[in-house]
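Undergrad:
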Amino acid sequence: MEEKMKIIVLNGSPKGKLSITMQYIKYIEKVFPHHELKIFDISRKLRTIEKDEKVFQEIINEVKSSDGVLWAFPLYYCLVHSNYKRFIELIFERKVTDAFRDKYTVAISTSIHFYDHTAHNYINAICDDLNMKYVDFFSAEMSDILKESGQKKLTLFAENFFRAIEDNQPTSKNYIPIIPNNFDYHSGPPTDRIEVGNEKVVIVTDALTDQNNLNAMIDRFKQSFSKNVEIVNLNELDIKGGCLGCIHCGFDNICVYQDKDEFINFFITKVKSADILIFAGAIKDRYLSSKWKLFFDRSFFNTHQPVLTGTQIGFIISGPLSQLPNIKEIFKAYVEFQQGNLVDFITDEYGESSRIDDLLHNLARRLVKFSGKKYIKPSTFRGIGGMKVFRDDIWGKLRFIFQADHKFYKKHRLYDFPQKNYKVRIFNSIIMTITKIPFIRKKFTDRMKSGMTKPFQKVLKN
1374 MEEKMKIIVL NGSPKGKLSI TMQYIKYIEK VFPHHELKIF DISRKLRTIE KDEKVFQEII
1434 NEVKSSDGVL WAFPLYYCLV HSNYKRFIEL IFERKVTDAF RDKYTVAIST SIHFYDHTAH
1494 NYINAICDDL NMKYVDFFSA EMSDILKESG QKKLTLFAEN FFRAIEDNQP TSKNYIPIIP
1554 NNFDYHSGPP TDRIEVGNEK VVIVTDALTD QNNLNAMIDR FKQSFSKNVE IVNLNELDIK
1614 GGCLGCIHCG FDNICVYQDK DEFINFFITK VKSADILIFA GAIKDRYLSS KWKLFFDRSF
1674 FNTHQPVLTG TQIGFIISGP LSQLPNIKEI FKAYVEFQQG NLVDFITDEY GESSRIDDLL
1734 HNLARRLVKF SGKKYIKPST FRGIGGMKVF RDDIWGKLRF IFQADHKFYK KHRLYDFPQK
1794 NYKVRIFNSI IMTITKIPFI RKKFTDRMKS GMTKPFQKVL KN
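In the working numbering, the protein residues as written are 1374 to 1835.
#1: Which whole-angstrom value is the C-beta distance of residue 1579 and residue 1554, which I expect to be below 8 Å?
#2: Residue 1452 bridges to which residues according to DSSP?
#3: Who does residue 1685 pair with in a DSSP beta bridge?
#4: Under the assumption that residue 1597 contacts residue 1737 (Cβ atoms under 8 Å), give the Cβ distance between them as a whole number of angstroms.
#5: Below 8 Å, can you find three or more Cβ-Cβ pairs linking the stretch 1749–1767 to the stretch 1695–1715?
#6: List, from N- to C-terminal side, the beta strand (DSSP E) runs of 3 residues or more that fit wholly inside the stretch 1389–1434.
#7: Tell me whether the stretch 1718–1735 and the stretch 1503–1518 touch, counting them as touching only if at least three CB pairs, one residue from each stretch, are closer than 8 Å.
#8: Any idea if residue 1493 is buried or exposed, counting beta-carbon neighbours within 10 angstroms, 16 or more meaning buried?
#9: Does the distance from the C-beta atom of residue 1655 to that of residue 1587 stay below 8 Å?
#10: Got a sec? Which residues, its chain only, sit under 7 Å from residue 1528 by beta carbon, not counting five neighbours each side?
#11: Report, in whole angstroms, the separation of the C-beta atoms of residue 1837 and residue 1740, which I expect to be a contact under 8 Å.
#12: Under three-state DSSP, which class holds residue 1480?
#13: Hey, could you find the ends of the beta strand (DSSP E) residue 1579 is sitting in?
#14: What is the DSSP secondary structure of residue 1795, counted as helix, strand or coil?
#15: Spatial neighbours of residue 1826 within its chain, please: C-beta separation below 7 Å, excluding the five flanking residues on both sides.
#16: Report yes or no: do three or more beta-carbon pairs, one from the stretch 1621–1636 and one from the stretch 1555–1566, lie closer than 8 Å?
#17: Please classify residue 1818 as buried or exposed, where buried requires at least 16 neighbouring CB atoms within 10 angstroms.
#18: Considering only C-alpha positions, which residue in the set 1430, 1668 and 1436 is nearest to residue 1455?
#19: Would a C-beta distance cut-off of 8 Å place residue 1678 and residue 1781 closer than the cut-off?
#20: Whole angstroms is fine: what's the gap from residue 1386's alpha carbon to residue 1831's?
#21: Can you name, in chain order, every residue of its own chain whose Cβ lies under 6 Å from the Cβ of residue 1501, other than the five neighbours on each side?
#22: Rounded to whole angstroms, what is the Cα-Cα separation between residue 1658 and residue 1697?
#23: What is the C-beta distance between residue 1891 and residue 1651, in whole angstroms, given that I count them as a contact (C-beta under 8 Å)?
#24: Since residue 1822 is in the alpha helix (DSSP H), which residue starts that stretch and which ends it?
#25: Restricting to Cα atoms, I'd like to know which of 1614, 1475, 1760 and 1464 is closest to residue 1541.
#26: What residue from 1703, 1575 and 1379 has the CA that sits closest to residue 1666's CA?
#27: Relative to the alpha-carbon of residue 1708, which residue among 1569, 1590, 1524 and 1755 has its alpha-carbon at the smallest distance?
#28: Residue 1393 and residue 1382: beta carbons closer than 8 Å?
#29: Are the stretch 1442–1459 and the stretch 1482–1497 touching by the rule of at least three beta carbon pairs closer than 8 Å?
#30: Might you give, ordered along the chain, the residues of its own chain that have their beta carbon closer than 8 Å to the beta carbon of residue 1744, omitting 5 neighbours on each side?
#31: Nearest-angstrom Cα distance between residue 1471 and residue 1432?
#32: Can you find the residues in the same chain that come closer than 8 Å, C-beta to C-beta, to residue 1477, ignoring five residues on each side of it along the sequence?
#33: Do you know how far the Cα of residue 1742 is from the Cα of residue 1581?
#34: DSSP three-state label for residue 1629, please.
#35: To the nearest angstrom, report how far apart residue 1603 and residue 1438 are at their CA atoms.
#36: Work out the CA separation of residue 1425 and residue 1374 for me, nearest whole Å.
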């Protein structure tokens, strides 16, 4: 008989025991009753955990005495919930990382597979930073466990985790430690001022007074323009709390926090109305701060609808961004799905103040130019693939929950299923039938290259 193990489950859902992710944990408990899975509702009880040192320390002590740690979470905007992110920050801030060292660990998430990989990349990297023994991850579509195949996969996943602990199996590290950037940026005056015209420029930041480089970069960027631009600091907004995961917004995009704090009015009047939008923040662990994560989570009152269409967007980031490609992947996906135009990322990691000045000034110039031209570069798989995931699920099983999305998708013709293109379907049926004849197939293959380029000749000629 297997030796009994004590596994600490860190629940990342603000819904606590009512989380779909927790149903997966309950299933593991059912299949492996001889192991103890001790659950802590991290996201739901974050305020208490952060304010009450005894509550926080109890979790850490339980981690110390455990055989393994299971990170369990739903996806929130390509990552974990802002409260879960804050808990991770507390682990490093309060210097209790040793409690996690050499603990075997896995991660379980539930989602509709929209950028689940970036969330797992983040958790994997955090585990490596904590010197944990990361075994594997399990990224489930929310309803997978309702099928026998999903149950089998989850059982094998949990079995492999317990076996790794029992056998003291070696594990790989996938992420190397981050090398900190100690460069002090000192800006110089701009050589000229860029005319903004009627374009509305908004800078959103969470900059603290001691973040000298970030504040200096924001100030230097601001000086590039011929008129004052608006800066909004998230730390100065009245934000009552993080996303509750209640889906209250699904019917008509009205958040449960409506009229209870300043966030929704700020997002509508500042963020959505901007022609040029700058996100400015500092790296904290392997993302920006949990305050920034709160910003993205709370913006979900817009549900799965692009609300920054045509907006020119730039990022000013203090910290080793080039060492963290996962962050870029998340923000590139965010901008593409929002149907905005990502102009550039500017960081302070170049090691030369004058170069940073030039990059910031050029960013301002390009933002204004692109805004005037209404330039939006074509989407990549990030935006196109992501929208198809939303399209299919909103049309199908999520329609009754996200009725506002369904109305929006119908109105803007986002239900662009290829099956509706009857002209192409008829053409394909005819061609596929006649190309079964050998000599006709040979003619097609011989002329394939020239045939594919023929429609473009008219455009090139004109």
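Built from N, CA and C at the ideal position, the CB exists for glycine as well.
TA: In this structure, then:
#1: Their Cβ separation, rounded to whole angstroms, is 18 Å, which puts residue 1579 and residue 1554 out of contact at 8 Å.
#2: 1449
#3: 1649 and 1714
#4: 4 Å
#5: yes
#6: 1409–1414
#7: no
#8: Here residue 1493 is buried. Its C-beta has 16 or more other C-beta atoms within 10 Å.
#9: yes
#10: Excluding sequence neighbours, residue 1528 sits near 1404.
#11: Here the chain covers residues 1374 to 1835 and nothing more, so residue 1837 does not appear.
#12: strand
#13: Taken as a continuous stretch (DSSP letters only), residue 1579 belongs to no beta strand (DSSP E), as it is neither H nor E.
#14: Note: residue 1795 maps to helix in three-state DSSP.
#15: none
#16: no
#17: By the beta-carbon neighbour count (other beta carbons within 10 angstroms, threshold 16), residue 1818 is exposed.
#18: 1668
#19: yes
#20: 55 Å
#21: 1546 and 1548
#22: Roughly 10 Å between the two C-alpha positions.
#23: Past the edges of the chain, shown from 1374 to 1835, lies residue 1891, and the structure says nothing about it.
#24: 1821–1834
#25: Cα-wise, what sits closest to residue 1541 is 1475.
#26: Distances from the CA of residue 1666 to each of 1703, 1575 and 1379 were compared; the closest alpha carbon is that of 1703.
#27: 1755
#28: no
#29: yes
#30: 1572, 1648, 1649 and 1685
#31: Take the alpha-carbon of residue 1471 and the one of residue 1432: they are about 13 Å apart.
#32: 1440, 1441, 1442, 1505, 1506, 1508, 1534, 1537, 1538 and 1544
#33: 31 Å
#34: coil
#35: 50 Å
#36: Residue confidence for residue 1374 is low, a pLDDT of 47 falling below 50, so the modelled location carries little weight; the figure read from the coordinates is stated next. Looking at the two C-alpha atoms, the distance is approximately 40 Å.
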